[in-house]
Amino acid sequence: MASPLCTIRVQVDETLQQMQLGTVMRKVKSRGWKKQRYFKLQDDCMTIWYKSKKTDKTKSTFSISDIEVVREGHQSEVLQSIADEFPPERCFTIVFCGRRGNLNLIANSPEEAQVWVQGLRKLIETVTNMDQKELMDQWICDWFQKADKNKDGRMNFKEVQDLLKMMNVEMNEIHANCLFQMADKSQSGTLEGDEFVLFYKALTQRDDVLKIFQEFSKDGKKLTLLEFMDFLHEEQLETDKTEEYALERIARYEPSETAQTLHAMSIDGFLIYLCSPEGSIFNTEHRKLFQDMSQPLCHYFISSSHNTYLIEDQLRGQSSVEGYIRALKRGCRCVEVDCWDGPNNEPIVYHGHTFTSKIFFKDVVAIINKYAFKVSEFPVIISIENHCSLEQQDTMAQHLKGILGDKLLTATIDGRVPTQLPSPEELKGKILLKGKKIDDLEDCLNGRQDDSYTGEVSEDEDGTEFEEETFRNEEKRKGKKSKQHLSKELSDLIIYCKSVPFPSIKHPRSRPKVYEMSSFTEYKTRKLLKELGTEYVSQNACQLIRIYPSGLRTDSSNFNPQEMWNMGCQIVALNFQTAGVEMDLYDGLFSQNARCGYVLKPIFMRNVESKFNPEHPQGKDGYRPINLSIQVISAQQLPKVPNSKEGSIVDPLVRVEIFGVPMDQAKQETKYIDNNGFNPVWYETLTFRIHVPELALVRFVVEDYDKTSRNDFIGQYTLPFSSIKSGYRHIHLLSKDGNSIPPASLFVHIWITDDGEA
Numbered sequence: 022m023a024s025p026l027c028t029i030r031v032q033v034d035e036t037l038q039q040m041q042l043g044t045v046m047r048k049v050k051s052r053g054w055k056k057q058r059y060f061k062l063q064d065d066c067m068t069i070w071y072k073s074k075k076t077d078k079t080k081s082t083f084s085i086s087d088i089e090v091v092r093e094g095h096q097s098e099v100l101q102s103i104a105d106e107f108p109p110e111r112c113f114t115i116v117f118c119g120r121r122g123n124l125n126l127i128a129n130s131p132e133e134a135q136v137w138v139q140g141l142r143k144l145i146e147t148v149t150n151m152d153q154k155e156l157m158d159q160w161i162c163d164w165f166q167k168a169d170k171n172k173d174g175r176m177n178f179k180e181v182q183d184l185l186k187m188m189n190v191e192m193n194e195i196h197a198n199c200l201f202q203m204a205d206k207s208q209s210g211t212l213e214g215d216e217f218v219l220f221y222k223a224l225t226q227r228d229d230v231l232k233i234f235q236e237f238s239k240d241g242k243k244l245t246l247l248e249f250m251d252f253l254h255e256e257q258l259e260t261d262k263t264e265e266y267a268l269e270r271i272a273r274y275e276p277s278e279t280a281q282t283l284h285a286m287s288i289d290g291f292l293i294y295l296c297s298p299e300g301s302i303f304n305t306e307h308r309k310l311f312q313d314m315s316q317p318l319c320h321y322f323i324s325s326s327h328n329t330y331l332i333e334d335q336l337r338g339q340s341s342v343e344g345y346i347r348a349l350k351r352g353c354r355c356v357e358v359d360c361w362d363g364p365n366n367e368p369i370v371y372h373g374h375t376f377t378s379k380i381f382f383k384d385v386v387a388i389i390n391k392y393a394f395k396v397s398e399f400p401v402i403i404s405i406e407n408h409c410s411l412e413q414q415d416t417m418a419q420h421l422k423g424i425l426g427d428k429l430l431t432a433t434i435d436g437r438v439p440t441q442l443p444s445p446e447e448l449k450g451k452i453l454l455k456g457k458k459i460d461d462l463e464d465c466l467n468g469r470q471d472d473s474y475t476g477e478v479s480e481d482e483d484g485t486e487f488e489e490e491t492f493r494n495e496e497k498r499k500g501k502k503s504k505q506h507l508s509k510e511l512s513d514l515i516i517y518c519k520s521v522p523f524p525s526i527k528h529p530r531s532r533p534k535v536y537e538m539s540s541f542t543e544y545k546t547r548k549l550l551k552e553l554g555t556e557y558v559s560q561n562a563c564q565l566i567r568i569y570p571s572g573l574r575t576d577s578s579n580f581n582p583q584e585m586w587n588m589g590c591q592i593v594a595l596n597f598q599t600a601g602v603e604m605d606l607y608d609g610l611f612s613q614n615a616r617c618g619y620v621l622k623p624i625f626m627r628n629v630e631s632k633f634n635p636e637h638p639q640g641k642d643g644y645r646p647i648n649l650s651i652q653v654i655s656a657q658q659l660p661k662v663p664n665s666k667e668g669s670i671v672d673p674l675v676r677v678e679i680f681g682v683p684m685d686q687a688k689q690e691t692k693y694i695d696n697n698g699f700n701p702v703w704y705e706t707l708t709f710r711i712h713v714p715e716l717a718l719v720r721f722v723v724e725d726y727d728k729t730s731r732n733d734f735i736g737q738y739t740l741p742f743s744s745i746k747s748g749y750r751h752i753h754l755l756s757k758d759g760n761s762i763p764p765a766s767l768f769v770h771i772w773i774t775d776d777g778e779a
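Under the numbering used here, think of the first position of the sequence shown as 22, with each following residue one higher.
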């Protein structure tokens with residue numbers, strides 16, 4: 022029976038009722054793999070489970086909150102491959118958050134498909150719009166569902182003991198029984214509905230938050246309006262917040278109508294406020310588009326993907342348009358397309374000289390056209406690696422113009438030779454091409470361009486991948502001069518991003534052209550910094566630079582992007598498909614400014630006269646170090662480590678890592694807490710001195726301590742130092758894939774001072 026505790030927050034209409042009855046559909050992995058599965062919406066309307074129709078294998082489940090979107094029809098490569106077998110009206114794709122693969126399904130009829138498409142979309146909207154209290158209720162319901170093994174809508178003491186282990190709590194039997202007896206008001210020997218809520222609240226009582234509450238509450242029971250304002254001003258340093266602001270927060274977060282009438286906040290309301298986005302460590306103002314978007318493109322760090330078409334490794338991995346969809350939906354503004362001659366004069370995209378699969382160039386362009394501006398209206402750069410014949414280059418140009426239409430930038434914005442690059446604001450809704458060009462932009466604009474059909478450029482005019490370098494080096498060894506023929510039609514589409522070799526120290530360009538840019542590997546970038554120092558940083562103040570991973574990274578691993586940002590490099594391309602600390606830093610930097618994919622560089626990196634050197638930051642104008650003090654207070658409801666032994670409980674520790682210029686690189690950690698992943702408490706203070714706060718990122722990591730082997734990852738959160746809010750703050754942890762894992766969080770106190778403060 023369904024638990025009365027799990028009240029449905031969505032109107033169960035006929036569509037959802039049909040989903041609860043269950044449906045047999047085909048799950049599709051490839052043209053040759055189509056198997057029937059039985060899908061059913063659980064009574065809580067928050068979980069889908071499915072199993073094989075023929076066998077009684079263990080059921081698989083996923084939560085509505087795991088779903089990002091539902092696509093109708095043949096909107097995945099898998100479903101497109103069987104388009105001749107099944108009409109689009111019967112097909113749909115469930116796209117999950119993060120890097121989890123899509124679920125492609127075929128219903129038995131168009132009507133059946135619509136039941137699931139519309140029903141899932143309704144439930145996704147419900148979850149998306151849940152407020153803090155509804156989320157808390159849902160978590161309680163989720164725990165109840167997990168613990169109620171026999172599904173009778175009540176829990177006995179044995180089920181409660183099992184629940185505590187699931188929740189990462191080690192509690193002796195006497196204490197657990199005391200909590201159970203306290204909550205069992207009916208003295209029935211089981212917990213039902215409100216009794217379980219009482220048990221859960223006793224279990225999750227936050228003594229750390231109660232202590233703060235009582236410091237500001239005169240009677241220890243409520244915060245008056247003035248007491249709440251004192252807390253905001255003195256602890257949260259929200260000195261600009263008015264009485265009206267405080268009243269709005271009481272109305273928003275206080276669950277008690279009586280307290281609201283008194284313009285007061287109870288401990289429950291205070292906790293809900295601290296757990297809300299406004300109580301988060303991340304400055305909510307920085308979630309918005311808050312930066313100046315009218316400066317030249319080269320004044321921004323630009324979210325960029327390497328070999329975007331790959332969703333696995335660099336040698337045998339799958340090429341897929343899904344790589345472009347995922348990158349663009351994360352706010353990526355520069356994607357890469359490696360183009361080679363394909364069948365029937367249709368260029369293909371894949372990682373050349375490898376065994377990666379192939380996709381059509383026209384399909385890639387169509388997907389970019391569809392998703393380019395879904396999450397950000399600012400310009401997208403397509404970085405073209407061109408290996409095609411003249412004939413297929415012309416085909417590329419025709420596809421670009423025909424599919425992208427007015428979105429494709431085909432001329433300078435004012436018809437003149439630029440003296441500086443245009444701004445993201447001026448290029449809103451535009452797609453730019455980066456690649457080799459036959460002539461200078463001046464020749465095109467002034468009508469001096471050769472009317473010949475093709476032109477020649479050196480193969481060395483752009484950065485090349487490791488495998489291609491190997492082939493070209495072999496050609497050079499044989500004494501062959503490497504030249505590439507370019508199609509005029511494709512060349513003419515390169516406007517602001519012409520690929521050229523980076524000038525050497527011995528032969529610098531006296532007057533660099535702002536529309537020219539260079540690409541090279543992580544290794545060459547490090548070498549250039551050592552050779553050029555401040556000159557390299559100032560060069561990046563007027564021209565774009567693209568950095569990409571070494572070709573030796575065949576496993577699609579990534580380099581540390583912070584090194585490149587320290588030098589002012591704008592287009593730092595990473596393998597988005599690979600989770601890890603490098604992508605945590607990437608997501609952390611671009612989590613600000615409305616996740617639009619553009620982050621304004623610090624002022625000392627936007628001036629060509631700048632003398633900033635990341636190796637010696639003391640010479641920076643306005644140099645003034647900052648002191649960061651972080652008291653790690655507690656953690657809440659940490660998840661279990663995947664594949665851990667049944668019944669095992671984590672031993673968590675917290676590490677804080679600073680990424681920035683070399684002088685700022687630092688990490689410190691707390692001690693570990695034995696057998697408590699539910700509500701561990703530390704009250705440990707970690708302190709850091711940050712010399713260039715404008716470039717610093719702060720990463721919070723929670724790990725399960727293991728004295729005999731490497732610690733296991735539990736969760737992390739990374740953000741720019743400049744986006745940190747002072748005071749008592751919650752840090753809502755993310756998984757290795759960058760997905761939220763509610764209600765797992767850290768509770769900290771942040772104090773920031775500079776050397777001029779006491």
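Don't be surprised by glycine CBs; every beta carbon is placed ideally from N, CA and C. These numbers come from a predicted model, not from an experiment.
How would you write the range of the alpha helix (DSSP H) that residue i sits in, first residue to last?
| i | result |
| --- | --- |
| His420 | 411-425 |
| Met203 | 194-204 |
| Lys143 | 131-149 |
| Met157 | 153-168 |
| Gln182 | 178-187 |
Grab the span of the beta strand (DSSP E) containing residue i for me, first residue to last.
| i | result |
| --- | --- |
| Cys355 | 355-361 |
| Asp775 | 761-775 |
| Pro673 | 673-680 |
| Thr211 | Taken as a continuous stretch (DSSP letters only), Thr211 belongs to no beta strand (DSSP E), as it is neither H nor E. |
| Ser650 | 647-657 |
From the DSSP output, in three-state form, read off residue i for me.
| i | result |
| --- | --- |
| Asn407 | strand |
| Glu690 | strand |
| Thr36 | helix |
| Tyr294 | helix |
| Leu318 | helix |
| Asp685 | helix |
| Phe220 | helix |
| Gly456 | strand |
| Met626 | helix |
| Asn841 | Given that the chain is displayed from residue 22 to residue 779, the structure contains no residue 841 and the question cannot be resolved. |
| Ser473 | Note that Ser473 has pLDDT 46, beneath the 50 cutoff, so the model's placement of it is unreliable and the number below is only indicative. Coil at Ser473, not helix or strand. |
| Thr433 | coil |
| Gln41 | helix |
Would you list the one or two residues that DSSP bridges to residue i?
| i | result |
| --- | --- |
| Glu543 | None; Glu543 has no bridge partner. |
| Glu278 | Glu278 is not bridged to any residue. |
| Trp70 | Lys61, Thr82 |
| Gly748 | Ile771 |
| Met604 | Paired residue(s): none; Met604 is not in a bridge. |
Return yes when the Cβ of residue j is within less than 7 Å of the Cβ of residue i, no when it is not.
| i | j | result |
| --- | --- | --- |
| His408 | Gly373 | yes |
| Gln159 | Ile293 | no |
| Val535 | Cys563 | yes |
| His307 | Gln613 | yes |
| Tyr607 | Tyr321 | no |
| Leu425 | Ile452 | yes |
| Lys350 | Val396 | yes |
| Leu740 | Gly601 | no |
| Gly589 | Asn628 | no |
| Gln689 | Val677 | yes |
| Glu17 | Ser571 | Coverage of the chain is limited to positions 22 through 779, which leaves residue 17 absent and any answer about it impossible. |
| Ile786 | Gly736 | This structure cannot settle anything about residue 786, because the visible part of the chain is limited to 22 through 779. |
| Ser315 | Glu446 | yes |
Of all the options the options, which has the alpha carbon lying nearest to the alpha carbon of residue i?
| i | options | result |
| --- | --- | --- |
| Val675 | Glu133, Gly589, Ser655 | Ser655 |
| Arg58 | Cys355, Leu610, Gly43, Gly589 | Gly43 |
| Ala104 | Glu89, Thr440, Val91, Ile127 | Ile127 |
| Lys455 | Lys422, Gln419, Ile332, Ser512 | Ser512 |
| Phe580 | Thr555, Ser340, Arg547 | Arg547 |
| Pro533 | Glu667, Ala267, Ile566 | Ile566 |
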